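Residue numbers for the sequence shown follow our numbering, so the first one is 4 and each next one is one higher.
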Amino acid sequence: MPVAKTPRPPTTRDGRSTQRVAVIVPAKDEEERIAATVRSARAIPHVDLVLVVDDGSEDDTQHVAREAGAVVVRHSHNRGKAAAMETGAAVVAMRDADGRAPRLLLFVDGDLGDTAVNTAPLVSPVRAGVADLAIALLPQQKGAGGRGIVVGAARRAIHRMTGWSPTQPLSGMRCLTREAFEAATPLARGWGVETGMTIDLLRAGYVAVEVPCDLRHRPSTNDLAGQLHRAGQYRDVMAAVGARQVRRAVDRIGRAGRSGARR
C-alpha cells in the first residue's frame with residue numbers, strides 16, 4: 004500500500020482517528036439541485052461542515068443552500084471555480100483554528116443532488132494515510148455528448164509530466180489534505196484547475212489515487228452550448244499544462260546554473 008506524504012494526526016487511545024472532514028461545494032446558479040446536494044453531503048461519515056461557495060449566482064442558490072443546512076459564503080460576482088475552491092478552503096481554515104488537526108477538504112460539485120453522499124469512499128484512503136489526494140471515478144453519465152478529446156489531452160499531459168495516467172483527470176470530486184491543497188495553490192484558472200492540481204501534487208511527491216464513486220451530475224450535451232463548454236475546457240487545460248511546462252523548464256535552467264556555479 005502507498006503511504007501519503009502528509010503526516011496524519013494522532014489517534015485516540017483505542018486507535019481511532021479524530022480526523023474531521025469539510026465538504027466544499029463551489030456553486031453557480033444551482034438552486035434546483037443545491038439543497039439535495041447539501042443534505043446528501045451532510046450524511047457523509049466524519050463530515051461536520053458543509054460549506055457552499057456561491058460564485059456570483061443570479062438565482063437563489065445561497066438561500067436554498069443555507070436553508071438546507073450549509074454554511075454559505077458568496078462572491079459578489081462570478082470569479083470561477085478555482086477562486087471558489089480557494090475561498091472555501093480559506094473559510095474552512097478559519098474554522099479549524101481550535102487546536103485540532105485541520106479538516107480534510109472534500110470538494111463536491113453542486114449538481115450531484117442526492118448522489119453527493121456517494122463521494123464518501125474518497126475520504127477513506129486520505130483519512131487512513133494511504134493517499135494525499137483521492138479523485139472520484141464516475142460511471143458513464145447518461146446524455147453526455149463529449150468524445151473524450153479534452154480528457155485524453157489532460158491524461159497525456161499528466162502522464163508526460165508525472166508518469167501517472169489517470170482515468171478521469173478532469174473529475175472535480177476530490178478529497179485531499181490541507182497540506183496538499185496548500186501545496187497546489189495558487190490553483191490553475193478555469194477548467195484547468197484539476198489538471199494543474201494533479202500535476203503540481205504528483206511532482207511534489209504527494210500520493211494520488213482514483214476511487215470509483217456512483218455519482219450522477221448534469222453532463223454537457225452535444226449541442227452548441229456543450230461544444231463551447233468543451234472548447235473552454237480544452238483552452239484552460241492546455242493553459243494549465245503550458246504554465247507548468249514553462250515552470251519546469253525554468254527550474255531546470257535554475258538548477259543547471261546553480262550546479263555550474265559550484266564547480
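Glycine included, every Cβ here is placed at the ideal spot set by N, Cα and C. Since the structure is predicted, the reported quantities are computational estimates derived from the model, not experimental observations.
- Distance check between D62 and each of L52, R36, A87 places R36 closest, using alpha-carbon atoms only.
- Here DSSP, grouped into helix, strand and coil, assigns L204 to helix.
- R177: not part of any alpha helix (DSSP H); member of the beta strand (DSSP E) spanning 177-179, first to last residue.
- For D51, the enclosing beta strand (DSSP E) begins and ends at 50-58.
- For A156, the closest of L179, R238, R221 by C-alpha to C-alpha distance is R238.
- Annotation for R77: the continuous beta strand (DSSP E) segment containing it runs 74-78.
- If you draw a straight line from the Cα of D112 to the Cα of I256, it is about 39 Å long.
- If you look at E70, you'll find it in the alpha helix (DSSP H) that goes 64-70.
- Distance from the CA of P215 to the CA of L108, rounded to the nearest whole angstrom, comes to 18 Å.
- Following the DSSP letters along the chain, one finds A137 inside the beta strand (DSSP E) bounded by residues 136-140.
- Shortest Cα-Cα distance from V120 to any of A39, E34, V244 involves A39.
- Under DSSP, A242 takes part in no beta bridge, so it has no partner.
- K84 is not a Cβ neighbour of P172, given a cutoff of 8 Å.
- The C-alpha of A183 is placed about 21 Å away from the C-alpha of T170.
- DSSP lists L54, F110 as the bridge partner or partners of I27.
- Of all alpha-carbon atoms in N81, H78, L136, the one lying nearest the alpha-carbon of D203 is that of L136.
- Under the DSSP assignment, E89 falls in the alpha helix (DSSP H) whose first and last residues are 84-99.
- A distance of 8 Å or more separates the beta carbons of V76 and V53.
- The DSSP-derived three-state label of P128 is helix.
- E213 carries a strand assignment under DSSP once its states are collapsed to helix, strand and coil.
- Of the residues R250, M88, D99, the one whose Cα lies closest to the Cα of F110 is M88.
- Segment contact: the segment 184-193 against the segment 239-255, three or more CB-CB distances shorter than 8 Å; contact assigned.
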